[in-house]
Structure formats: C-alpha cells, structure tokens
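Counting with UniProt numbering, you get residues 1 to 195 for the letters of the sequence shown.
Every residue, glycine too, gets a C-beta built ideally from N, C-alpha and C.
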Amino acid sequence: METALFRQEMLTARRSDWLGAISLATPLSRQLLTFAALVFVLAFIALLTLCSYARRERVAGVLVATTADGQLLARFVVPARAMGFVSPGDTLLLRFHAFPYQKFGLHAGTVTAVDDSAMSANTLAELGMAPVRGAFFRVDVTIKDGVIRSQGKSLPLRGGMTAETDLKLDSRLLIEWLFEPLYGLRQRSKGNSHD
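Shown next as structure tokens:
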C-alpha cells in the first residue's frame, strides 16, 4: 500500500509540473515602471527647487559719447515700470545692432548715472522716440571696452550705434512661482484676521 501511495503522489507531482505552477514573483516590467516613476518624481522635484524663472524688460539705447577717461557711453531709455531695478554700479550685458550678439557676443557695461525724474516728451522726441505713453528715465552706461574683437581685428564702437539690454525685474525659483498664489492667500488671511 505504501508503494501505491508513493506512486500516486509522484503522478500528482508530475501532473502539476505539466500544468504549470503559480509564480508570485513581480514581473520585471513592473519594477521598471516603479523605477521610472521614482526617477520622474525626483527629476520634477529637482526642477522645481533648482531652476528659476526671470522676468526681464528689454530696453533700447544709443552710443552717445566718449567719457573724459576714453570710455564709451551708452544712453538707455528705461520705462518707469523697470526703474526700481536699476541703480549706479549695476553691470549690464549689452547687444549692439551693428554687431549681432549671436556672432560677436554680449559686452559688459556699468550703470554710471540714473535720472531722478522722468524725461519730458520733448527730450524723448530729441532722442528719436515716437510719442509714447508713460514715463521714461534716462540711464547712462559706461562700456568697458570700446572695441569689438573678431577674427584678429579690433572693430571700434562709434557714437550713434544702437544697442539694447535686458533689465532683470524679478527672479524666483519655480517652486516659489508655483506656490505664490497660496502664499498670497495666506498673507491676505493674516491681514484680515488682524482687522
């Protein structure tokens, strides 16, 4: 009888081998999907905490004269909405229309003077600006190097050449930008609770 029992167990074991077995192992694709989701979340968090958003104002100017020490002076017309972000000593990166920045690069200049009051409409007209709405201020920038170097040549900058620069108005991390509305609501609710 014992042999019959043993033989019956052997047949049952063979039959289950033929039919297959249930495996509880996690498939590789599921592991890869979990890993990819984790990498995506970490990359998104890094993007929000490391990258920043900068708001800029592009302003136009013209090269007007050479200073007493031989440096070239550029005069920019800055709208009132951007004046809070300009002060003497600031470094600006200039682009000259005669020398495209894509080929010749950006050139450094230092803010030397900022008008305390807005320019009149007559002054704007003298600078060749069409009638515009709003207040504008004059900002003088001394250019550190009055020449453009290209292919072994020194090309001089001259009075009357036009230039432009970008003034940085605001810079925030992306996470600050994302949560700004919530922060504003919290500030308003604090203000209302004290009333």
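Between V139, V141 and G146, which lies nearest to F99 when the distance is taken from Cα to Cα?
G146
With a 10 Å radius around its C-beta and 16 neighbouring C-beta atoms as the bar for buried, classify F76 as buried or exposed.
buried
Exposed or buried, which one is F136 when buried takes at least 16 other CB atoms within 10 Å?
buried
Look at F104 and I148 and say whether their C-beta atoms are less than 8 Å apart.
yes
R30 lies in the alpha helix (DSSP H); which residues open and close that run?
L28 to L50
If I follow the unbroken alpha helix (DSSP H) through F104, where does it start and stop?
Y101 to F104
Do E57 and L124 have their C-beta atoms closer together than 8 Å?
no
Could you say which of V111, F44 and L63 lies nearest to F85 if we only look at CA atoms?
V111
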